[in-house]
Amino acid sequence: MMEFNLNINVIKKEDGISLWVSDDFGGSGIEVEGDTAEKVAENLMPYLIDYFSGYEDEEDEEEDD
1396 MMEFNLNINV
1406 IKKEDGISLW
1416 VSDDFGGSGI
1426 EVEGDTAEKV
1436 AENLMPYLID
1446 YFSGYEDEED
1456 EEEDD
């Protein structure tokens, strides 16, 4: 089992929305932007999928040990 936290800071701007996404692994984070809530959520989706894919890979490695 692997557990981690994702933090999403939401910044509403005059020209759209900006998200700062970070995790508790360390390192920095990523900025995701969009003109509307729908667009910023759409732009965020690939990053979330990457997190889940990484999570699944970690579980597979643990099972192999």
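Residue numbers (our numbering): 1396 to 1460.
Note that CB positions come from ideal geometry on N, CA and C, so glycine has one too.
Taking 8 angstroms as the limit between beta carbons, can you name the residues of its chain near residue i, skipping five residues before and five after?
i	result
N1438	V1427, E1428, G1429
Y1442	V1416, I1425, V1427
V1435	G1411, I1412, S1413, L1414, V1427, E1428, G1429
For residue i, collect the residues of the same chain with a Cβ closer than 6 angstroms to its Cβ; drop the 5 residues on either side in sequence, then sort them by chain order.
i	result
I1403	L1414, V1416
For residue i, I'd like the list of residues in its chain whose CB is within less than 7 angstroms of its CB, leaving aside the five on either flank, ordered along the chain.
i	result
V1405	I1412, L1414
A1432	I1412
I1444	none
Going by alpha carbons, who is nearest to residue i out of the options?
i	options	result
S1423	K1407, L1401, K1408, M1397	L1401
My assumption, with CB atoms under 8 angstroms, is that residue i sits in contact with residue j. Please give the rounded CB distance.
i	j	result
F1399	D1419	6 angstroms
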